[in-house]
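Q:
There are 2 protein chains.
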Amino acid sequence: MTPRYVRIHPRDNVAIVVNEGGLKAGTAFPDGLVLAEPVREAHKVALEPIPKGQPIRRYGEVIGLAGRDINAGAWVREEFVELPAPPALDQVALATAAPPAGASIGGLEFDGYPNPDGAAGTRNILAITTTVQCVAPTVEFAVRRIRDEILPHYPGVDGVMALAHAYGCGVAIDAPDAEIPIRTLRNLSLNPNISSEPLVVSLGCEKLPPSRLFPEGSPLPVLSGEPWVVRLQDEEYRGFGDMVAAIMRLAEKRIERLSRRQRVPCPASLLNVGVQCGGSDAFSGVTANPVVGHAADLLVRAGATVMFSEVTEVRDAVHLLGPRAATVEVGRALLREMAWFDEYLRRGSADRSANPTPGNKRGGLSNIVEKALGSVAKSGTSALTHVAGPGERVSAKGLVFAATPASDFICGTLQTAAGMNVHVFTTGEGTPYGLGAVPVIKISSRTALARRWPDLIDLDAGRVASGESTLEQMGWELVRLILDTASGRNRACAERWKLDNPLALFNPAPVT
Amino acid sequence: MTPRYVRIHPRDNVAIVVNEGGLKAGTAFPDGLVLAEPVREAHKVALEPIPKGQPIRRYGEVIGLAGRDINAGAWVREEFVELPAPPALDQVALATAAPPAGASIGGLEFDGYPNPDGAAGTRNILAITTTVQCVAPTVEFAVRRIRDEILPHYPGVDGVMALAHAYGCGVAIDAPDAEIPIRTLRNLSLNPNISSEPLVVSLGCEKLPPSRLFPEGSPLPVLSGEPWVVRLQDEEYRGFGDMVAAIMRLAEKRIERLSRRQRVPCPASLLNVGVQCGGSDAFSGVTANPVVGHAADLLVRAGATVMFSEVTEVRDAVHLLGPRAATVEVGRALLREMAWFDEYLRRGSADRSANPTPGNKRGGLSNIVEKALGSVAKSGTSALTHVAGPGERVSAKGLVFAATPASDFICGTLQTAAGMNVHVFTTGEGTPYGLGAVPVIKISSRTALARRWPDLIDLDAGRVASGESTLEQMGWELVRLILDTASGRNRACAERWKLDNPLALFNPAPVT
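As you go down the protein sequences, you meet chains X and A in turn.
Everything in the first sequence is counted per our numbering, starting at 70 for the first residue and increasing by one.
Everything in the second sequence is counted per our numbering, starting at 70 for the first residue and increasing by one.
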């Protein structure tokens, strides 16, 4: 492969070396630029001299200020890039450049399981809700037995899982921020892949009993007259064996009904695709994330919901997103989530520089600004139609910002609570990520990773860097993969291995 | 059973009704007191008139102020008990009444597995450390296969487990409080039941790589020349199957060595007993916790370590503990932990009243003061010799306060990190609690619970309330049960069912 770099925007004064293994000092690019020193794959090379104090530009945006004079052809390493101040929230333009709706795309369908509440499942799963961590091992014990003894008789059911979590009575339930883990737990149970047959295991003495978790008016489709809660402290259970038997009895009834469900054609508007990146590198913003962004635009035009998240990876690009808000109200909601998180980090004496990770940096990402600019590429170019707080349920269509921390499992948990029925996860460094309730399509930013992990990566976006495919081609390819996966015709790698990252609640409230 | 109440201290003006099912209005006690209204089992009756604004006394201490005039024989319900201010930390007397050491008890031994670092295991377990949540499902996958395919060939090994947790790169690793989850993870791996054969699975790009988790000088007994880390992103692993195979290969080597270990007699000084209560009721402070306290005194006299914890359940009794500190320094460390937690709760707009739970209240506990006074009974009467912060390793002997939240799983996780090799857990309402790394002995505060859950409760302290046993008898019974369990001659109920509450890290730092 000839020496090659990727410059994203004509105004950029740095570009990314894309040759596998990196390039040596003295290497000349076709345009005449000569490397002054070795530059690793995915790392930045200066395209022109950048004097000390001057902006370093990538994605057409300032990712930092030069900490010293940088020569053309030099490796723009992390230490040379000074972190600029984040965009001031009171100066972000709102709804000033909301893109018009793209031409509608008709005829995109998937075979799903429509639910009474209007959403549709892409999987047919029995999930057992736990109100408190105390009951987790009891439910896990029952789940193992259900998998071994009951599930094999009902091949139409995709699985059984415990919605186990670390929420306990320790959480200061009346603290202002405690509503976040509570609504997350509630909305997890309402995820379309698992909500059709609710079953709740409660201890009995917990602060968050089923009646508080599912208050009057909650859309849980509880069947009239049929018990839907096993309360372990109830007098009727004479020990552990009895508790497990009770859970299994109620589970089998539900599994039997689940097994009678059939997939039916559903419009793309019943898709709720949550997008996330994890273990990102400098390619993520060039290949995998833009592919996802292109697919997001197509899905939005087909009427679907696409959710992007990860507040700290949006914060430094909020000046680009504010103008794209469909209305000023949506824009204000976006700023509100950013301000809440700024304050949350401040309270804990941290700031956005806690992200990125050493892996991100090894992968060429100098700081959170560069990471954020690459991360928001997942949102494509549509107007932002809705903003949801952490753990809130999303029913809006179009492009939605569902606020979450960037931590993979917390984001995945909160997007599951928001109602996603397909998850798209891009990765540069590689991570074997999976969720129990939702299929996870994993996209590599580089071909080397896809080759190394053929049984974990579902789609290789590195083909964009090598010139094998275009963003447009791969965007369509991803849409088709999403439809196939939603329909159960394709099982994502993580599903085949049954990889199921434990739920991780976002609890900004203290524990006692 | 004749009408019976339990008054703890001669100064008390309330007592607890102990008759199962409670007592009716008009019931006369042998001393002539007549109930003015029905009082439920474990709830309080006024022994004399208590005028509005006057102290309500239990355990010889003020548990609250009367919110209205209370007649003799009345049910002292939660609404009548006004929460008093917590003891002022700057007025707590320190080391003014440290009890002298009790007569040494010789000859108490258990059969354990001595480790090179001087501690001893009570179980012989392979635990696989995970540096980041990303690798959890991969390790769980490997653990399932190890259990099925390898473990059956090595009967001398008690089990294999993943030290899985929710710590991810989202944790703001340089925030002041982030050291708590980090040292917890480190010290979990050093627990004596699992530390003899370390094995770590790392992703590769995480913020907390093995080198930071186990820095130079960390007492992990890494075998020279033998690999002890599987790093999933390493080039050598060609996909998921390869990663799992590598973990299994290293695991089998360790299991083979573990299987050659033999139990040998160990002095009681190698016991580290962590005590905890969960799902408490008003009996807990009368039966189960004092039984534990009595056993704690005996174990301390035998040279063992006994750790009690749960800051919010100690805070309102700190004026009783401060004087018992062995030195002023130990007393100051106790106050420091209390002050840290006060501030932590304040930052989250919560306070100690977030504890207790509805179940505690149903069980007769009016507020956190009453709960705390019952909770600290677990600490017995010995001098307090050491105080450890959350997640710190404890090597001191004697009575130790290991600061933790009161949340069961967080406390259990932190006590495991502190190095406990037997866990004693008292419960009133009942909870099927268990830990993967440490046997959990569960003690009921009432006989009714022990009868209802015969396969979950290991010891019934309700026999103290019924007069069947004395605290002294049951204290010794518990010591013998601890020794039998430590020796593997007894398997606790939770072990027999393999109940393993997921680890729950205490992370007061924000996530990004």
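A virtual CB, placed ideally from N, CA and C, is assigned to each residue, including glycine.
By the criterion of Cβ-Cβ separation under 9 angstroms, what are the contact partners of GLY498 of chain A in chain X?
A: One detail in the question is off: residue 498 of chain A reads as Glu in this sequence, not Gly. Those within 9 angstroms of GLU498 of chain A in chain X are LEU272, GLY273, CYS274 and GLN302.
Q: From GLY588 of chain A to ARG558 of chain A, what does the alpha carbon distance come to, in whole angstroms?
A: Outside the shown range of chain A, which is 70 to 581, sits residue 588 of chain A, and nothing can be said about it.
Q: Assign ARG462 of chain A to one of three DSSP states: helix, strand, or coil.
A: Note: ARG462 of chain A maps to coil in three-state DSSP.
Q: Taking just the CA atoms, how far does LEU403 of chain A sit from PHE377 of chain A?
A: Going by the C-alpha atoms only, they are around 12 angstroms apart.
Q: Where in the region 262-314 of chain X do unbroken runs of the alpha helix (DSSP H), each at least 4 residues long, occur, reported from the N-terminal end onward?
A: With a minimum length of 4 residues, the continuous alpha helix (DSSP H) runs that stay inside the region 262-314 of chain X are 279-282.
Q: Following the continuous alpha helix (DSSP H) through ASP180 of chain A, name the residue where it begins and the one where it ends.
A: Note, ASP180 of chain A: premise wrong, no alpha helix (DSSP H); beta strand (DSSP E) at 178-183.
Q: Locate the beta strand (DSSP E) running through LEU552 of chain A, then write down its first and last residues.
A: Not the beta strand (DSSP E): LEU552 of chain A falls in the alpha helix (DSSP H), residues 540-555.
Q: Taking the straight line between their C-alpha atoms, what separation do you get for VAL145 of chain A and ASN82 of chain A?
A: So the alpha carbons of these two residues sit roughly 10 angstroms apart.
Q: The beta strand (DSSP E) spanning LYS480 of chain X covers which residue range?
A: Residue identity check: residue 480 of chain X is Cys in the sequence provided, not Lys. Per DSSP, CYS480 of chain X belongs to no beta strand (DSSP E); it is in the alpha helix (DSSP H), 477-487.
Q: Closer than 8 angstroms between beta carbons: that is the criterion. Which residues of the region 464-485 of chain X meet it against chain A?
A: Residues passing the 8 angstroms Cβ filter: PRO474, ALA475, SER476, ASP477, PHE478 and ILE479.
Q: Quick one: which unbroken beta strand (DSSP E) runs of 3-plus residues sit fully inside the region 158-236 of chain X? Chain order, please.
A: Runs found: 178-183, 194-199 and 228-232.
Q: Does the beta carbon of GLY237 of chain X come closer than 7 angstroms to any beta carbon on chain A?
A: Yes, GLY237 of chain X counts as interfacial toward chain A.
Q: Exposed or buried, what is THR381 of chain A when buried is set at 16 or more other beta-carbons lying within 10 Å of its beta-carbon?
A: With 16 or more Cβ atoms within 10 Å of its Cβ, THR381 of chain A is classed as buried.
Q: Is the shortest distance between the beta-carbon of SER378 of chain A and the beta-carbons of chain X less than 7 angstroms?
A: Chain X contact via Cβ: absent.
Q: Give a yes or no on whether the minimum CB-CB distance between TYR413 of chain X and chain C is below 7 angstroms.
A: The structure shown contains no chain C; its protein chains are X and A.
Q: Have a look at the DSSP bridge pairing and note the partners of GLN345 of chain X.
A: DSSP lists X:PHE494 as partners of GLN345 of chain X.
Q: Terminal residues of the continuous alpha helix (DSSP H) containing MET70 of chain A?
A: Looking at the DSSP string, MET70 of chain A is not in any alpha helix (DSSP H), and its letter there is neither H nor E.
Q: Where does the unbroken beta strand (DSSP E) through VAL387 of chain A begin, and where does it stop?
A: It is not in any beta strand (DSSP E) - VAL387 of chain A instead sits in the alpha helix (DSSP H) that spans 387-390.
Q: Less than 7 angstroms between CB atoms is the rule here; does VAL198 of chain X satisfy it with respect to chain A?
A: According to the sequence displayed, residue 198 of chain X carries Thr and not Val. THR198 of chain X does not count as touching chain A.
Q: Within 10 angstroms of its Cβ, does GLN160 of chain A collect 16 or more other Cβ (buried), or is it exposed?
A: Exposed, by the Cβ-count rule.
Q: Helix, strand or coil for CYS238 of chain A per DSSP?
A: Correct three-state label for CYS238 of chain A: coil.
Q: Who are MET376 of chain A's beta bridge partners in DSSP?
A: MET376 of chain A pairs with A:GLY343 and A:VAL469.
Q: Which of the three DSSP states, helix, strand or coil, is assigned to GLU151 of chain A?
A: If DSSP states are grouped into helix, strand and coil, GLU151 of chain A belongs with the strands.
Q: For the beta strand (DSSP E) containing HIS455 of chain X, name the first residue and the last one.
A: 453-457 is the span of the beta strand (DSSP E), which, as asked, contains HIS455 of chain X.
Q: On the three-state DSSP scale, how would you describe PRO573 of chain X?
A: Correcting the residue type first, residue 573 of chain X is Ala in the shown sequence and not Pro. The answer is coil: DSSP assigns ALA573 of chain X none of H, G, I, E or B.
Q: Given a cut-off of 7 angstroms on the beta-carbon distance, is the pair PHE179 of chain A and SER556 of chain A in contact?
A: In contact: PHE179 of chain A and SER556 of chain A (Cβ atoms closer than 7 angstroms).
Q: If you reduce the DSSP assignment to three classes, tell me which class GLU89 of chain A lands in.
A: Residue state, collapsed to three classes: coil.
Q: Measuring only between beta-carbons, confirm whether ARG213 of chain X sits less than 7 angstroms from chain A.
A: Chain A, which has no Cβ nearer than 7 angstroms to the Cβ of ARG213 of chain X, makes this no.
Q: Measuring straight from C-alpha to C-alpha, what distance separates ILE324 of chain X and LEU289 of chain X?
A: Looking at the two C-alpha atoms, the distance is approximately 17 angstroms.
Q: By the criterion of Cβ-Cβ separation under 7 angstroms, what are the contact partners of TRP566 of chain A in chain X?
A: Those are PHE210 and PHE309, listed as they occur along chain X.
Q: Determine the DSSP secondary structure at GLU110 of chain X, reduced to helix, strand or coil.
A: In the structure shown, GLU110 of chain X sits in coil (DSSP, three-state: anything other than H, G, I, E or B).
Q: In the region 237-260 of chain X, which residues sit with their C-beta less than 9 angstroms from some C-beta in chain A, listed in chain order?
A: Result list: GLY237, CYS238, GLY239, VAL240, ALA241, ILE242, ASP243, ALA244, PRO245, ASP246 and ALA247.
Q: For VAL344 of chain A and MET407 of chain A, I'd like the C-alpha separation in whole angstroms.
A: Between VAL344 of chain A and MET407 of chain A, the C-alpha separation is close to 19 angstroms.
Q: Less than 7 angstroms between the beta carbons of ILE263 of chain A and ALA373 of chain A, yes or no?
A: Their beta carbons are not under 7 angstroms apart, which means ILE263 of chain A does not touch ALA373 of chain A by this criterion.
Q: Alpha carbon to alpha carbon, how far is SER448 of chain A from ASP477 of chain A? Give it in angstroms, no decimals.
A: Answer to the nearest angstrom: the Cα atoms are 17 angstroms apart.
Q: Between GLY443 of chain X and chain A, is the shortest Cβ-Cβ distance under 7 angstroms, so that the two count as touching?
A: GLY443 of chain X does not count as touching chain A.
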